[in-house]
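Accompanying notes for the structure given below.
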Amino acid sequence: MLKINDLSVTVEKKEILHDINMTINTGETHVLFGPNGAGKSTLLMAIMGFPKYKITKGTIFFKDKDITYMSLDERARMGIGMSFQRPPVVRGVKTRDMVAACLKGEGGAEAISKLAERADLQDFLERDINYGFSGGEVKRSELMQLLAQKPELTLLDEPESGVDLVNIALIGEMMNDLLEKNCPIQERQCMGLIITHTGHILDYVNARTGYVMCDGTIGCVGDPHEMLATIREKGYNECIQCYLGRVPLHE
Amino acid sequence: MSKNNTSKTYQDKAKAAANKPAAFGDDIDLNKYTNEVGKYKYQPDPSALPRETKEIMLGAGIMLDDPGQRTGTYLQIDNMPIHHSTTQEGIEVMALSQAIGKYNWLPDYIWKAQAVDADKYTANVELYESDGYFIRALPGQKSVFPVQACLYMAQSKVIQNVHNVIIAEEGSELHIITGCAAGTRDEPGLHIGVSEFFIKKGAKVTFTMIHTWNPEIGVRPRTTTIVEEGGLFLSNYLLMKPVNNLQMYPTAKCVGEKSTVRFNSILVAGKGTNLDVGSRVFLNARESRTEIISRAITVGGNITARGYIEGNAPDIKGHLECRGLILGETGTMYAIPELKGSLPGIDLSHEAAVGKIAEEEVEYLMARGLTKDEATAAIVRGFLRVDIEGLPEQLSSELRKAVEASEKEVM
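Protein sequence lines correspond, in order, to chains U and F. Our numbering puts the first sequence at residues 1 to 251. Our numbering puts the second sequence at residues 1001 to 1411.
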């Protein structure tokens, strides 16, 4: 379970997230909507534990353990994994090295080849990670690394952005593998938190809880499909109006 | 080297340049060293050398116990050649002094690529006893395995004067590994190495040089390469062990159409190491090409990383990449990439970067579960890993091993 209580986060001394509350039960996948600049990525980065994202208030519990001040790599080793929207190019570090690091020595070369085949990235293993990758290749490579890492909580930042229709089906399948969507609900151990702009990913990944984030807070919780329909029809303005009607504007 | 009559003008020129400081690098007082060196016995079976010596040579890529992996071997201790052999017909490996006796045309090559009066170091090689290797591939001959050459410094406070001539005749292919090493851990000395490469029409030479000196040694290599039409010169230089003061600026001149030169260098400078290392290419013929890649890490030492490409012919193309990492609290990195063009339609570019490891990259790896130290090590290893196009697989893997073996110096 992931439990976030009253979480406030600053980036370079500016408060971006205010009083966030969220609970993801074991086996559940939740979806985050929201306009640009709402703080969606910041929330993911803060859960993952990037040092630039300073928690000033509140707590994060993961698997009943307080991880609020735990380092990035400790969180990763505890079972939190993240797909980067724009991962850096690391010259000289091969895609194969990254997958091997994620596998922590399990399975060897065979496991790596199998994952590359799953992601249709066989020809990318000997290339520098992310160097000259297209949008779709970056996404597939990120998911391939996560499949190797096998996190219990997967954080996905716009997994469908920049991906064409052929690729999106493959990305959807990989996400379902990652989130154990092919397992009976009772047996699922994996949790997911997905940022999506377009909602396309909802056609592939079944999620029951959605949030709309505005101005660094969670404005609304509900059924993601219903939310998406409203957003598609009326844009985020409707959400913002609704939200502003209920909560006082944050300082 | 034997100074015959034809070299009288060289003697005069050298005398005139005996006190001429080099264009780059710190000035070394030659009077602190001696040109009087000891004699060493010829060694017909190099595997019979003392184990310790062989191990030091192995650290510089010279394999003496498994000669099947090499087409030829040349060994020199201080100024004395102690072994030369070759196992492939059409590939010649011998001492330059010996080649001078054998080939009356050799004066056409000696001091023809490298100027004898470039500075006091080149002059010293002409003025005092010197020797070096002569490696030649006859027309159309291709070395199956690399030829290896070791220049080994044994005596303290000595100047090792080296003069090498390498000739790849038309359509031939030569792979050379040169390992330069010091036999002592802390005795001072000065190595001056003149190398003249002649790459004829359609020939290909890969030259991989590994330096393992000691913290008291000064090093002044002086290398010039002439590349004719369609020729290829691929040079790899690896320096990861301490050295007191090393300055070199190997130069290649593309004089034939469609000739290609690539320089790769990997440098690591710990505390007390001072490096001034660059590569310089003159693209003087139509459609000649070059790529210079330099990767330098300072962990307390000082590095000047130079690069120079000059384009003097139509449709030439050159790229220079100079990247430096500063990993220690002290140490400096000075990257000087230079481009010069003298006509329209040429294509020269460079990129240079000096700094620390990008935090974003470290965090990316940490998000996959690596600790900060592991992530940093992986990035440094990647930084030093230069994939060298055109190098035979065996040489690539030996170079990789040499880099990996030296990574400890960095971490």
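Idealized CB from N, CA, C, for every residue including glycine. All figures in this text were calculated on a predicted structure; none of them were measured in a lab.
CA-CA distance, residue 122 of chain U to residue 193 of chain U, rounds to 28 Å.
Taking a Cβ-Cβ threshold of 7 Å, the residues of chain F close to residue 50 of chain U are 1363, in chain order.
Excluding the 5 residues flanking it on each side, residue 1235 of chain F has same chain C-beta neighbours closer than 6 Å at 1207 and 1263, in chain order. Under the DSSP assignment, residue 1355 of chain F falls in the beta strand (DSSP E) whose first and last residues are 1347-1355.
Here the alpha carbon of residue 1371 of chain F sits roughly 8 Å from the alpha carbon of residue 74 of chain U. If you look at residue 1294 of chain F, you'll find it isn't in any alpha helix (DSSP H); it sits in the beta strand (DSSP E) that goes 1289-1299.
The Cβ neighbour count for residue 1276 of chain F, taken over all protein chains shown within 10 Å, is at least 16; the residue is labelled buried. Under the three-state reduction of DSSP, residue 1197 of chain F is assigned to strand.
In the structure shown, residue 1 of chain U adopts coil according to DSSP, grouped into three states. Contact of residue 1240 of chain F with chain U is not assigned, every C-beta pair being separated by 9 Å or more.
For residue 84 of chain U, the chain F residues whose Cβ falls inside 8 Å of its Cβ are 1364 and 1367, in order along the chain. The three-state reading of DSSP puts residue 200 of chain U in helix, counting H, G and I together. At a cut-off of 9 Å between C-beta atoms, residue 189 of chain U does not count as an interface residue with respect to chain F.
Secondary structure remark: continuous beta strand (DSSP E) runs of at least 3 residues inside the segment 1112-1169 of chain F, in chain order: 1133-1137, 1147-1153 and 1159-1168. Burial state of residue 1165 of chain F is buried, judged by a 10 Å Cβ sphere holding 16 or more other Cβ atoms. Any Cβ of chain U closer than 9 Å to the Cβ of residue 1381 of chain F would place that residue at the interface, and such an atom is present. For residue 1325 of chain F, the uninterrupted beta strand (DSSP E) segment begins and ends at 1317-1326.
In this structure, the CA atom of residue 154 of chain U is about 15 Å from the CA atom of residue 173 of chain U. Non-local beta-carbon contacts of residue 1174 of chain F in its own chain, meaning distances under 6 Å to residues more than five positions away in sequence, involve 1137, 1143, 1168 and 1205 in chain order. The Cβ atoms of residue 1133 of chain F and residue 1074 of chain F lie closer than 9 Å to each other.
For the segment 64-83 of chain U, the set of residues with a beta-carbon nearer than 7 Å to any beta-carbon of chain F comprises 72, 73, 76, 77 and 82, in chain order. Among the CB atoms of chain F, one or more fall inside 9 Å of the CB of residue 97 of chain U. What residue 1385 of chain F touches in chain U, judged by beta-carbon distance under 8 Å, is 92, going in chain order. For residue 55 of chain U and residue 1363 of chain F, the gap between their C-alpha atoms comes out near 17 Å.
Closer than 9 Å to the CB of residue 3 of chain U there is not a single CB belonging to chain F. Spanning the alpha carbons of residue 97 of chain U and residue 197 of chain U requires a straight line of approximately 31 Å. Chain U has a Cβ within less than 9 Å of the Cβ of residue 1372 of chain F. Of the candidates U:157, U:167, U:186 and U:126, U:167 places its Cα closest to the Cα of residue 140 of chain U.
Around the beta carbon of residue 1270 of chain F, 16 or more other beta carbons sit within 10 angstroms, so the residue counts as buried. Interface annotation, residue 101 of chain U: in contact with chain F, CB-CB separation under 9 Å.
Residue 1358 of chain F reaches chain U at 88, counting residues in chain order whose Cβ is nearer than 8 Å. At a cut-off of 9 Å between beta-carbon atoms, residue 1352 of chain F makes no contact with chain U. In the three-state reduction of the DSSP assignment, residue 1107 of chain F falls in the helix class, which pools H, G and I.
The alpha-carbon separation between residue 1013 of chain F and residue 1290 of chain F amounts to approximately 32 Å. Just measuring C-alpha positions, the residue of F:1120, F:1016 and F:1233 sitting nearest residue 1388 of chain F is F:1233. For residue 157 of chain U, the CB contacts under 6 Å within the same chain, skipping 5 residues up- and downstream, are 41, 44, 85 and 195 in chain order.
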